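Here is the structure we will look at, set down as structure tokens.
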Amino acid sequence: MNFNLIKIRLKIMFYLIFGKISKKTAKIELPNHKNVKDVVLFFPQDERAFRIAMYSFREFDFFNKNLNFYFVINQKFEHLIKLNAPNLIFMRYHRSKISFCNLKDKDILINENKDMLIDLNTNFNLELCKLIDSINCNYKIGFKNQYADYFFNLQLDTFGDDITENSFKRIQKILM
0 MNFNLIKIRL KIMFYLIFGK ISKKTAKIEL PNHKNVKDVV LFFPQDERAF RIAMYSFREF
60 DFFNKNLNFY FVINQKFEHL IKLNAPNLIF MRYHRSKISF CNLKDKDILI NENKDMLIDL
120 NTNFNLELCK LIDSINCNYK IGFKNQYADY FFNLQLDTFG DDITENSFKR IQKILM
């Protein structure tokens, strides 16, 4: 067994024992747009997946009058963004930690209640999942992986790397 895999399992077990993370229940009704006002989108942290996500969401109407979108984006991709949304939040992804570029953005995410959180990362990142777990949110949507049960109450399967764009399209249908 891979040492990194053992290390991740031990960290998750430690966080479960001490109550740092909790297993999510899958009790949601979609679409339930009457209750959803604030949506947080975590864009992928690697460039290839980020470009696919941006391409997939190119025609999506982020200026819906009923919804407030918050876009959490890797600071390395700031020059690739063609969104002119008011709620852009930039983060720095390091090997073993995540930091916000602006501390006000951290307060906006963690201290204010959000209605829906969507993680577009297809690869597991423990530090990002710990941040996601700390955000008070009714609906947490992410991609299926070995540890997704602990962090998301709705999981989507990617069906391989070739069809990642189709998975992002399914997320758009949830938001419509």
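Everything in the sequence shown is counted per numbering that gives the first Met the number 0, starting at 0 for the first residue and increasing by one.
Even for Gly, the Cβ is constructed at its ideal location relative to N, Cα and C.
Fair warning: this is a prediction, and the values are worked out from it, not measured in the lab.
What residue range is occupied by the uninterrupted alpha helix (DSSP H) comprising residue i?
i	result
I117	Per DSSP, I117 belongs to no alpha helix (DSSP H); it is in the beta strand (DSSP E), 113-118.
F41	No alpha helix (DSSP H) contains F41, which is instead part of the beta strand (DSSP E) from 37-41.
Y14	2-16
Provide the residue span of the beta strand (DSSP E) that contains residue i, from first to last.
i	result
K139	136-142
D106	From DSSP, D106 is part of no beta strand (DSSP E) but of the alpha helix (DSSP H) over 102-110.
L153	153-155
Nearest CA to the CA of residue i: which residue from the options?
i	options	result
I20	L66, I109, D45, S133	S133
Y92	Q145, F68, Q44	Q44
G141	I170, N3, E58, Q154	Q154
Y138	R47, K172, D37, Q145	D37
F224	D106, T157, V39, D118	A query on residue 224 cannot be resolved here, the shown segment of the chain reaching from 0 to 175 and no further.
N124	I80, F2, Y146, I16	Y146
K172	L130, S55, R94	S55
I131	V39, K6, G18	V39
Determine the DSSP secondary structure at residue i, reduced to helix, strand or coil.
i	result
Y92	strand
P131	Reading off the sequence shown, one finds Ile at residue 131, where the question assumed Pro. In this structure, I131 counts as helix in the three-state DSSP scheme.
N67	strand
I72	strand
I51	helix
I170	helix
I97	strand
I believe residue i touches residue j by the beta-carbon criterion, under 8 Å. Please report the beta-carbon distance rounded to the nearest angstrom.
i	j	result
N86	F62	With a Cβ gap of about 11 Å, N86 and F62 do not count as contacting.
K96	E126	6 Å
C136	K113	5 Å
Please report the straight-line C-alpha distance between residue i and residue j, rounded to a whole angstrom.
i	j	result
N73	L116	16 Å
K168	N65	20 Å
R50	F41	13 Å
K10	F59	37 Å
V35	N101	26 Å
M53	I80	8 Å
Can you check whether the C-beta of residue i is within less than 8 Å of a C-beta belonging to chain C?
i	result
L127	Absence of chain C from the displayed structure is noted, only one protein chain being present.
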